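A short write-up of the structure that comes next.
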Amino acid sequence: MKKFRKVLDGLTTSSPGGGTMGSPSCGSTAGTPTAAPTPKEIDVQETLVSENFQLCKTVRHGFPYQPTALAFDPVQKILAIGSRSGGVRILGRPGVDCFCQHESGAAVLQLQFLINEGALVTACADDTLHLWNLRQRRPAILHSLKFNRERITFCHLPFQSKWLYVGTERGNTHIVNIESFILSGYVIMWNKAIELSTKTHPGPVVHLSDSPKDEGKLLVGFESGTIVQWDLRAKKADFRIYYDEAIHSVCWHHEGKQFMCSHSDGSLTLWNLRNTSKPIQITFPHGKIQKDGRKESCKPILKVDYKTSRNSEPFVIFSGGLSYDKAGRRPTLTIMHGKAITVLEMDYPIVEFMTLCDTPYNNEVQDPYAVVVLLEKDLIVVDLTQSNFPVFENPYPMDIHESPVTCTAYFADCPPDIIPVLYSIGAKHKKTGYSQKEWPVSGGMWTLGSHTYPEIIITGHADGSIKFWDASAITLQMLYKLKTSKVFEKPKQNEGRGAELVDDDPFAVQMVSWCPQSRIFCVVGISAHIILYRFSKYDANTQIVSLEVRLQCDPEDVISPSENENNPCFSEPQSGSHSPQPHHPVSPGGGTPESLKDCTPCLKVKDRAVRVPPGYQAELVIQLPWIDGEPPQQVSSLDINSAYGLLAFGNCNGLAVVDYLQKTILLCMSTLDLYGAADPYQRLTRSPRRNRQSTSGLTELSDNQQSVDMERSKSPTSESRENSFSRSRSSSVSSIDRDTKEAITTLQFGESFGRKSDTLPTPCLWVGTSLGMILLIPMSIPTDQEERMEEQVTIGPCGAVLMLKGSVLRFGFLDCMGALIQSPYEVWRDVNAPEDPDRPRKRKLVHFSPSSSQDTCGEGHLAIVCSERQAKVFLMPSQSCLFVHNITESSFVLRADVVSVCNSVCLACFCANGHVMTLSLPSLRPLMDVNYLPLTDMRIARTFCFTNGGQALYLSSPTEIQRITYSQEMYDNLQEMLGELFTPTETPEAQNRGFLKGFFGGNAHTFDREELFGEAAAGKASRSLAQHIPGQGGVEGMKVAASGAVGELARARIALDERGQRLGELEERTALMMTSAECFSKHAHELMLKCKDKKWYQL
């Protein structure tokens, strides 16, 4: 074994080779030409420079993972959701969706909007308060305040107040100035709030609220059941309540004479300020009287809202409170309206809920109209204005995780007609029964930017479903949903081979391949199955054709020592052709006819004609069966070409090519047999050591943040994605420590030159393997439509063998002018459309031949090949290596794509160490290298994908898709594309404030908080108690806000209107004062005349 490893080490340390026999070896200098002279006809003018690239996040879609807090601005009508990882999502009307992240990553405990001020306060688990400026499209922190000695438990910000009340775990209440974010010297100490005779600590502060009747009275609720109303002016307690049960929440009646509490025993208590010795009402909404006379024990009521209505009975809304003996019941939200009690069952536990009311004032009739319910994995809004309490249709893509996402694909600049077609088909299957009213979270402003083009995101899921999303203009809207499980019979539990392979998710999607032009769609499932779909606008009765391909090897390909260790022998391939095997091809390792008896697939395809609706309709299913008690290996690579009518796929055993037009198998061969005599390692075969296949990796999308082992550079793609990134090993041949199979890691059809001697391009299949080998397989395809359906496609022997370091990931092709060569495709035609005798239905093919511009740039084309370690550019058909670049030595590339950016092309790479890089083409000059993600977990490795236009995406959490851009042009236009969170809106006037009452002193209970909490009266707080941290988004944020879509002009206009209104009120008050003064002067003059001639004793 040591000698075996030494041989492998020698192979790795040798020159990367790069050409076939006789071609010059490639140098290792990054981005420089090799020893092979560049042909004169290769004269590519590269236009991309490093200034064309800038990496940044654009938008995040989906449901916030592990939510913790909720807030709503009733005037701006925007919603904020905090999460356990320190993220904050701010949502408004569709298109207004913003994600903010606390650098500390501490969980968000509570959110408080500065109502109609364009600001948000967040309280985090690291005992820090943050003030966010929302008057800019990308919110930034203006101030932070870090508490050093006490832990924050509750915050309350009264409407139109600049003083924030902060309760702590020690039971104290501090006061923070929102403008300066400095702590006031005014503190309500717990030992002063409770009676001196009380011997026990009241516990943490769980509630703070000012009295609707008098803003100078603060209600403080302690966890133990103690409630204190604190007179802020007199600095003493008005009353104290000591209740036996722990308090979870408190809510005032709008008149300020009563309040309601929810408790840990499932009870609600109603208290009147006239008599606080005992509650005026105690109810157990879900606690029934048992036969023995005792009440059922109930779960805690975690929150209660007590809201009055102008035209009906009050609403009492609460979460929890169910009896303990009813096991298995789902979480509930209870709505008590008069005598009617409605219990709404939820699919997930309730994190928080909030009742939406018409008025921001707590001393007015509330008139609730909706309830926002934040669940652990969903967000719903209930319509309170209708008696059956329907839910609103959620306009945000909150159901990405309906089933765990297992793979993603991203397509930019799609054909413009594909999105309306998919939407029209998907709209027929939408759910009904939603509220007819508009979505109540309607704040912000968003307009369709000028830099938009059709984009589609495809997500594959653990239950076998596929979702197509419209991702144009940085929004996300579901277009169409496809269920691949409908192709198969329902597997019976613990029965059959499929159950042994994957019990939970036998239909889980592993990868997808989509041709938007031909609308051919291919799905690879975890049960070693491939489904080919065609799109049709008509329903049809179809019989699904099923093929079984036996890619199961008995011998195992291993590398054996050769005489020339450092220079593997590249011999010319032998002539001849592989005969197609259309029916039941023999196993690549030489199976026997008896083994066919055990040829059982994991899933059973429906063998009857089925009625399929319009949309994607299954046409062909390819399955890899069990053989001799061994499960099939998962498919590791796939490519489909609609112009050729061919589908190719591979795994760790070998390669198969299927003609999906004739429904025949053209090629089924082990990787070793593909080489023929051109195998550079001169491998022998020996008995394998069989291992049971693990399939848990694909569908497990937990947030464990398992980082990739960077020290050993373990590469998931080196193992041919055999277990869908569930296991990994080193891509370096020198560290192979197990039996080695050469897996097929990437495939691509295209017009190319299979051999050096070829003068014209022909259809070829490029094959990349896990050992860094590249094989070209030429094919002969009949061009006439009738001949194509009758004659067989012939596949020639391996034409060329090239080599790179590391597992091959991606191919790309450029013409001699540096333009990207697209794969040929068939223009979409509806096979189920009614026949038109005047226009017979024919296949229309579109080819992009590399020889189409021979007159200007000569023959041939450039082939870009990227592996886990390096990238190379080959000139075809000479097969000489023009450029080579070693991308990484300490890590490995997870994803690579040849993409178009700024009217040019580049190679984009994402490494396991979190680096995102771009290289110029064809010279492979480094253009950008950004350490974007410090550690990469397997979820990101599985779902990261690039697309054209300088965009990419990945699954940032099990429920969220993060989109990024690496284009400077899109970065510059991002402000225009994002929505405005803040729109200047006039604050509604308070009710019942007549002119005379407002003029002669206003509300008798208003008080000057500045006078109480300011430094002059309360003094300075202890410096050791809290530390002020200035934010980064102050001046810069204000500049961005001033240049927003609404603009300073609109704000100035509203300010001018408000000023004019105030001047009008002042004028009225002045006129009234003058009238009053004249009246007073008249009466005084009359009194003077009356008393003028009288003596003092006569008065």
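Per my numbering, the very first residue in the sequence shown carries number 119; after that it's consecutive. Glycine residues also receive a C-beta, built at the ideal position from the N, C-alpha and C atoms. Computed from a predicted structure; not experimentally measured.
If the criterion is Cβ atoms closer than 8 Å, does the pair C525 and V461 meet it? no
Give the DSSP bridge partners of D501, in chain order. A488
Taking 8 Å as the threshold, find out whether the region 731-745 comes into contact with the region 860-869 through three or more Cβ pairs. no
Cα separation between M1056 and N429? 55 Å
Less than 8 Å between the CB atoms is what I'm expecting for L938 and L980, so what's the real figure, rounded? Actually they do not touch by this definition, with Cβ atoms about 10 Å apart.
Does the Cβ of K962 have 16 or more other Cβ atoms within 10 Å, making it buried, or fewer, making it exposed? exposed
Measuring alpha carbon to alpha carbon, tell me which residue in R207, C218, F217 and G200 is nearest A225. G200
Count the other CB atoms within 10 Å of the CB of L1205; is the residue buried (16 or more) or exposed (fewer)? exposed
Looking at the secondary structure, which residues open and close the beta strand (DSSP E) in which S985 lies? H979 to S985
Nearest-angstrom beta carbon gap, V1017 and V926 [assumed within contact, 8 Å]: That belief does not hold up - the Cβ atoms of V926 and V1017 are roughly 18 Å apart, past 8 Å.
Does the region 251-264 come into contact with the region 1085-1097, if we say contact requires no fewer than three beta-carbon pairs (one atom in each stretch) closer than 8 Å? yes
Which word fits F529, buried or exposed, when buried means at least 16 other C-beta atoms lie within 10 angstroms of its C-beta? buried
On the DSSP letters alone, give me the boundaries of the alpha helix (DSSP H) that F1131 sits inside. R1127 to F1131
Relative to the alpha-carbon of L493, which residue among N771, M464 and T473 has its alpha-carbon at the smallest distance? M464
Three or more C-beta pairs below 8 Å linking the region 1072-1089 and the region 537-545: no
8 Å Cβ cutoff met for F639 and Y734: yes
If I measure Cβ to Cβ from K396 and keep anything under 6 Å in the same chain, skipping five residues before and after, which residues do I get? none
Looking only at its own chain, which residues have a Cβ that is under 6 Å from the Cβ of A352, when we skip the five neighbours before and after it? none
S1221 vs A364 beta-carbon contact at 8 Å: Only positions 119 to 1217 of the chain appear in this structure, which leaves residue 1221 out of reach.
Pick from E904, W564 and I435 that is closest to A458, judged by C-alpha positions: I435
Cβ of G1149 within 8 Å of Cβ of V214? no
Could you check how far apart the C-beta atoms of L386 and I419 are, in whole angstroms? I think they sit under 8 Å. 6 Å
Report the residue ranges of all alpha helix (DSSP H) runs contained in full by the region 303-348; include only those spanning at least 4 residues, in chain order. 308-311
Euclidean distance between Cα positions of G321 and W348: 17 Å
Quick one: measure Cβ to Cβ for D531 and G1068, integer angstroms, because I've assumed they're closer than 8 Å. Not really, about 12 Å apart at Cβ, beyond 8 Å.
Where does the unbroken beta strand (DSSP E) through I293 begin, and where does it stop? T291 to N295
Where C717 falls: helix, strand or coil (DSSP): coil
Is it the case that the region 499-516 contacts the region 550-562, given that we only count it when at least three CB pairs across the two stretches are under 8 Å? yes
Can you check whether the CB of C916 is closer than 8 Å to the CB of Y793? yes
Could you tell me the alpha carbon to alpha carbon distance between S382 and H366, rounded to whole angstroms? 7 Å
Considering just the uninterrupted stretch of the alpha helix (DSSP H) at L1092, what are its terminal residues? Q1086 to M1095
In chain order, what residues of the same chain lie with their CB nearer than 7 Å to the CB of S327, ignoring the 5 residues before and after it? H274, L337, V368 and W370
Is G815 helix, strand or coil when you go by DSSP? Interpretation of G815 is limited by its pLDDT of 40, a score under 50 that renders its predicted location unreliable; no figure is taken from the coordinates.
Output the distance between the C-alpha atoms of G303 and I293, rounded to the nearest integer angstrom. 8 Å
Taking just the CA atoms, how far does P572 sit from S898? 35 Å
How would you label C1197, buried or exposed, when you count the other beta carbons within 10 angstroms and need 16 or more for buried? exposed
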